[in-house]
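Q:
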Amino acid sequence: FAASDSGWAIGAIPLSLTVGDLNGDLVPEGIWANTVPDSLTILTTDGQGTFSPYLTESTSTLPRHTVIADVNGDGITDMVVATSGDFVDVFLGQGGGGFNRVPYPVPSGVTPYGVFAADLDADGDVDLATANFNGHDVSVLLNDGTGVFGVSTEYPAGAGADSPRFVDGSDLDDDGDIDLAVCNGYSYDVSILINDGAAGFTAQPLIPVGESPNFLEIRDYDGDSIADIVTINSLTQDLSFLKGNGDATFQPVVNYDIGGSFPFGLTSVDMDGDGDLDAVVPVRGLDGWRIMWNDGQGAFSQGTLHLGGLHCHSIGAADWDGDGDVDVLAGYAVSQDAYYYEQIPSPTMLWTAPNRATTGVPVADPVQCYFNTDLDPVSVVASAFRVSGAQSGPHGCSVSWDGGTQSVTLTMQEPFVPGEIVTVTASGGVNGVQSLDGVPYAGYSFEFMTEGAASTVAFSAQSVALPGSDPVALAAADLDGDNASDLIVANYLSADVTLLLTGNGGVPAVAGSLPVGVGPLDVWPADLDGDGVTDLAVANVVSGTVTVLLNNGDATFTTATPVTTVGAPFAVGGGDFDRDGDVDLAVAEVGPDQVTVFWNDGAGAFPASVSLAMTGAPLDLAVADFDNDGDLDLVAVDSGASRMEIFLSDAAGGFQSGGSFGTGSVPVSTFPWDTDGDGWIDLISSDYAGAGVSVLQNLGDGTSFAPAVSLPAGAQPHGLWGGDLTGDGNLELLTANSGESTVTIFGNQGGGIYDPGTTLAAGMTPYAVVGGDWNGDGRIDVASVNRTSGDLTFLLNGVALDAPPVTSSGLGTGLLGVAPNPSLRDVDLRFSLARAGEVSLEVFDLRGRRVATVHRGLLPAGEHRATWDGRDARGLRVGAGVYFLRMDAEDRSSTRKLLRLR
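Residue numbers are given in the working numbering: position 112 of the sequence shown equals residue 140, and the series is strictly consecutive.
1. Where DSSP assigns a beta bridge to Val-109, which residues make up the other side?
2. Output needed for Phe-683: all residues of its chain with C-beta closer than 6 Å, excluding positions within five of it in sequence on either side, in chain order.
3. Is Ser-685 closer than 8 Å to Ala-764 when the C-beta atoms are compared?
4. Note down the Cα distance separating Gly-288 from Leu-83, rounded to an integer number of angstroms.
5. Nearest by alpha-carbon distance to Gln-622: which of Val-910, Val-311, Ser-667 is it?
6. Hey, would you say Leu-549 sits closer than 8 Å to Asp-563, going by beta carbons?
7. CA-CA distance, Ala-894 and Gly-707?
8. Would you call Asn-242 buried or exposed, if buried means 16 or more other Cβ atoms sit within 10 Å of its Cβ?
9. With distance defined between alpha-carbon atoms, name the residue in Gly-471, Phe-487, Asp-147 nearest to Asp-657.
10. Pull up the distance between the alpha-carbon of Asn-825 and that of Glu-479, whole angstroms please.
11. With a Cβ-Cβ cutoff of 8 Å, do Val-574 and Val-594 count as a contact?
12. Helix, strand or coil for Asn-825 per DSSP?
13. Once you ignore the five residues that flank Gln-122 on each side, which residues in its own chain have a CB closer than 8 Å to its CB?
14. What whole-angstrom Cβ distance do Ala-734 and Leu-724 have, given they're in contact under 8 Å?
15. Can the beta-carbon of Phe-626 be found less than 8 Å from the beta-carbon of Val-618?
16. With burial defined as no fewer than 16 other Cβ atoms inside 10 Å of the residue's Cβ, what is the status of Arg-450: buried or exposed?
17. Run the CB neighbour count on Gln-364, radius 10 Å, all protein chains shown included, and call it buried at 16 or more, exposed below.
18. Suppose the cutoff is 7 Å on Cβ atoms and the five residues either side in sequence are ignored; what does the same chain contact list for Phe-444 look like?
19. Does Asn-459 come out as helix, strand or coil in the three-state DSSP assignment?
20. On a CA-only basis, which of Arg-928, Ala-185, Ser-253 is nearest Pro-233? Give me that one, please.
21. Less than 8 Å between CB atoms is the rule here; does Ser-491 satisfy it with respect to chain B?
22. Pick out the complete beta strand (DSSP E) segments inside the stretch 40-83, 3 residues or longer, and give them in chain order.
23. Are the stretch 302-320 and the stretch 386-402 touching, with three or more C-beta to C-beta distances below 8 Å?
24. Let me check understanding here. Comparing Cα to Cα, which of Thr-277, Pro-495, Val-109 lies closest to Leu-542?
25. Looking at C-beta atoms only, is the number of pairs between the stretch 84-92 and the stretch 57-65 that lie closer than 8 Å three or more?
26. So, for Ala-743: in the same chain, excluding its five sequence neighbours on each side, which residues have a beta-carbon less than 7 Å away from its beta-carbon?
27. Would you mind sorting Asp-897 into buried or exposed? The rule is 16 or more other CB atoms within 10 Å of its CB.
28. Using the DSSP secondary-structure output, state which residues sit across from Pro-291 in a beta bridge.
29. Span of the beta strand (DSSP E) holding Gly-799?
30. Near Gly-603, which residues of its chain fall below 6 Å by C-beta distance, leaving aside the five closest residues on each side in sequence?
31. Identify the continuous beta strand (DSSP E) that holds Asp-355 and give its terminal residues.
32. For a test of the three-state rule: what should DSSP assign to Ala-917, helix, strand or coil?
33. Flag this pair as yes or no: are the beta carbons of Asp-207 and Ser-198 separated by less than 8 Å?
34. Can you pull the DSSP bridge partners for Glu-442?
35. Output needed for Gly-757: all residues of its chain with C-beta closer than 6 Å, excluding positions within five of it in sequence on either side, in chain order.
36. For a quick check, are the C-beta atoms of Ala-503 and Val-798 less than 8 Å apart?
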């Protein structure tokens, strides 16, 4: 937040702040109730965060709290003020911002502190209820329908209730009428008053909270659509959370320390756009305010303390500058001024094109990253983004910024290669992009898989002899910079790796071998020293090292200092786990059983590490973002316990367990990817003793997976790989079956439904398998390394699938218009399709969460229209703010920003 340079004058001892639009300009005013003099001070804003005096209104004695409502049904906003001089002041709006005050008495000496306005007797007009400090009760004033209120009726706040200070209302027992809740300052509890439907109230047993509760709000804080209660307690300096049961009873109180003396005030609002209500609290003793952040389950944690004047006593929140996020206005009692705090949004990547975990992306497509706020164009440079193909290696790209769609487009200098996983990392911190306000981006990583040409998946076989002894591992990468996939084979007994280079449209040919450590079991290609070419990391199980081979750019290598492990390294992989722009290593070690992450110093050396303990032997590992938070996570197979274990990264060097998930018997390899097209990466393992492949579909949070579905494979499946062999956008799976010299291919029908496996002959004891375009025809071929026969089997995907002719409309594909914008009600969307096909129109909020689906289905080529009614997937009207309308068709995304008013 950025605080205003100085404050705006308000009255002395302002006890509360109410926020609402009084003049009909759709920008709220701030209304302070001042006890010296007895008045309301109202500030208005220019819509850009600058405030000025709007109106001062005299009140009855000692105004405490104000609410706004249309009490007489004329469509003009009115104000209602609880005053401790035993009056309720009703200010009837006259239009144009003027008011006419009408005071209504309550019994002498009850001392109203708080007021609530709602239809309490279900007759269609707005009634009033006050919390009476000295009366220990609630006064109800019923509206006659014209904004005139009758004599008050008092209802006890309950046996033992002492000094009610604040009142709020909601349907607490789900019977269709509005009940009341009151916080009692001296008895340290909350009163629940149940409505009989005709504005008659009965108090329920008191509910203990913290000491000296002064403010209370009823909201759904934990997302279960049931009303909860939060109170702010001055003496215990905490926030009390009462989780509602839906029947006007509540779970036992949970208290959260506010971190400062004499908190006084509360407003509940979603400050960070994550869909749950946070609590903004003035802290009088610290001369400031802070946000108590809600985790979405009703658990609160302290935010930063924000300072301004002296003795913060009142708080309000709204979007005062029209940028789509929530700002704060705070009143200070001693300095008698108000300060404005503009929320400076941190850059957040809302979505990407291609979408994360998409299969079948054209190899020449650009990459687009959509943000929630304007970026500083100077910071949008190629060095802030890292794009790397698992086979093609690092990609140089041109970078452009579109302020209209708040998107960055990355255009590759060279296309990707078919069938590879591409990782895009937007760096965080000083090396990354930043907002126009200078707020640095935290960083984000996502992956997608490139397509292969359409094919019926009919294979012809070729064999290539290998010079090494006991070939056990296989990887594909472009080693010589010709944008074609070469191969690397690790030879266990000869302690070397064999390089096979692709050229002239044929399968890769042996180019030589390089010595490594003793007992190499795995090889992983990546740019380890940041020079733009692919290097190699080799896990040597006998010597307990990882050999680092740095590429000179022409497929010749220099051996760097090896990485020493504690246990025996069975597998190696990696990624930019800390988003600092270089590639870190992850090693699966046995004895001790652990996964160790070695941090790259930026030059290809790995001096520091962190180890993650496992309960069984990890024979393989892989990297993917399982929880879709933009951090690269880890999964390792626990062969002894027949399960896979996930470690979730926090992108700051820390990992936590994401759970363990059962597989078939003795998993030995893993290849995580999205099998069902839902955008969440699933778990996949080859199960050596189970003779199958286990597929565990992600249930949408990265820590919950469906029970394993087993696909029968050949005997002793060892190697595992996945790719779009047919060119239909679905992930096929492949296993190398070491017990019967075959490769099994599982065709994906869509939605993660797999055909029975097709078995193809390979060499003797196939131990690893990988896909790539070996002959340059655009289709994804298959290669297996065969341990006993000492060779490679190439299965060339050689039969093209002729596509039917496509009729074009002559129009482009994309959104043509969104109107009205800004909008209050229905929104008209115009869009066009160049070709007939599947179209989705969806609405997203600032956090990138899907709010509503407007259309999904097949449409003919041409121009079309659709309407969004402003409601979310539950049928509820969305709140005011910034939304994004996105159209997806023909592997393209088109986005328009919409300002929603309310």
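Note that beta-carbon positions come from the ideal geometry of N, C-alpha and C, so glycine has one too.
Remember, predicted model here, so these are calculated numbers, not experimental data.
A: Reading it off the structure:
1. To locate residue 109, count along the sequence shown from 1; it is residue 81. DSSP output for Val-109 lists Thr-94, Asp-117 as bridge partner(s).
2. Residue 683 sits at position 655 when you count from the first residue of the sequence shown. Correct list, in chain order: Leu-640, Phe-675, Ser-677.
3. Here residue 764 corresponds to residue number 736 of the sequence shown, with the count starting at 1. Here residue 685 corresponds to residue number 657 of the sequence shown, with the count starting at 1. Not a contact, by the Cβ cut-off of 8 Å.
4. Translated into positions along the sequence shown, residue 288 becomes position 260. Translated into positions along the sequence shown, residue 83 becomes position 55. Using only the alpha carbons, I get a separation of about 33 Å.
5. By 1-based counting over the sequence shown, the position of residue 622 is 594. Here the closest residue by C-alpha is Ser-667.
6. Within the sequence shown, numbered from 1, the residue matching residue 549 stands at position 521. Within the sequence shown, numbered from 1, the residue matching residue 563 stands at position 535. The answer is no: Cβ separation not under 8 Å.
7. Within the sequence shown, residue 894 is the residue found at index 866, counting from 1. Within the sequence shown, residue 707 is the residue found at index 679, counting from 1. Rounded to the nearest angstrom, the two C-alpha atoms are 25 Å apart.
8. Walking along the sequence shown from the start, residue 242 turns up at place 214. Under this definition Asn-242 is a buried residue.
9. Against the sequence shown, residue 657 aligns to sequence position 629. Nearest of Gly-471, Phe-487, Asp-147 to Asp-657, Cα basis: Gly-471.
10. Looking up residue 825 in the sequence shown gives position 797. Looking up residue 479 in the sequence shown gives position 451. Answer to the nearest angstrom: the Cα atoms are 14 Å apart.
11. Within the sequence shown, the letter at position 546 stands for residue 574. Within the sequence shown, the letter at position 566 stands for residue 594. No; because the gap between Cβ atoms is not below 8 Å, this pair is not in contact.
12. Numbered from 1 along the sequence shown, position 797 holds the residue referred to as residue 825. In this structure, Asn-825 counts as strand in the three-state DSSP scheme.
13. Taking the first residue of the sequence shown as 1, we reach residue 122 at position 94. Once the five neighbours on either side are set aside, the close Cβ partners of Gln-122 are Ile-104, Asn-128.
14. As a position in the sequence shown, residue 734 is number 706, starting the count at 1. As a position in the sequence shown, residue 724 is number 696, starting the count at 1. About 6 Å; that satisfies the 8 Å criterion.
15. Position 598 of the sequence shown, counted from the start, is the residue given in the question as residue 626. Position 590 of the sequence shown, counted from the start, is the residue given in the question as residue 618. Taking 8 Å as the Cβ cut-off, Phe-626 and Val-618 do not qualify as a contacting pair.
16. Stepping through the sequence shown from its first residue, residue 450 is reached at position 422. According to the sequence provided, residue 450 is Val. The question's Arg does not apply to it. Under this definition Val-450 is a buried residue.
17. Along the sequence shown, read from residue 1 onward, the residue named residue 364 stands at position 336. Label assigned to Gln-364: buried.
18. Looking up residue 444 in the sequence shown gives position 416. Excluding residues within five positions, the ones whose Cβ falls inside 7 Å are Val-391, Gly-417, Ser-420, Val-450, Thr-478.
19. Numbered from 1 along the sequence shown, position 431 holds the residue referred to as residue 459. Here Asn-459 sits in helix by DSSP.
20. Reading the sequence shown from its first residue, position 205 is the one you call residue 233. If we check each option's Cα against that of Pro-233, Ala-185 comes out closest.
21. Given the protein chain composition of this structure (a single chain), no chain B is represented.
22. 40-48, 57-64, 67-73
23. no
24. Mapped onto the sequence shown, residue 542 falls at position 514. Out of Thr-277, Pro-495, Val-109, Pro-495 has the C-alpha closest to the C-alpha of Leu-542.
25. yes
26. Translated into the one-based positions of the sequence shown, residue 743 becomes position 715. Excluding positions up to five away in sequence, the list reads Ala-719, Asn-765, Gly-767, Glu-768.
27. As a position in the sequence shown, residue 897 is number 869, starting the count at 1. Exposed.
28. As a first step, residue 291 is located in the sequence shown; it is residue number 263 there, counting from the start. Paired residues: Val-311.
29. Position 771 of the sequence shown, counting from 1, holds the residue named residue 799. Looking at the DSSP string, the run of the beta strand (DSSP E) that includes Gly-799 is 794-800.
30. On the sequence shown, position 575 is the one that residue 603 refers to. Taken in chain order, the residues that qualify are Val-651, Leu-660.
31. To locate residue 355, count along the sequence shown from 1; it is residue 327. Looking at the DSSP string, the run of the beta strand (DSSP E) that includes Asp-355 is 355-360.
32. In the sequence shown, counting from the first residue as 1, residue 917 sits at position 889. Three-state DSSP puts Ala-917 in a strand.
33. In the sequence shown, residue 207 corresponds to position 179, counting from 1. In the sequence shown, residue 198 corresponds to position 170, counting from 1. Closer than 8 Å, so yes.
34. As a working note, residue 442 is residue 414 in the sequence shown. None; Glu-442 has no bridge partner.
35. Here residue 757 refers to the residue found at position 729 when the sequence shown is read from its first residue. These residues qualify, in order along the chain: Thr-387, Gly-388.
36. Your numbering for residue 503 matches position 475 in the sequence shown. Your numbering for residue 798 matches position 770 in the sequence shown. Their beta carbons are under 8 Å apart, which means Ala-503 touches Val-798 by this criterion.
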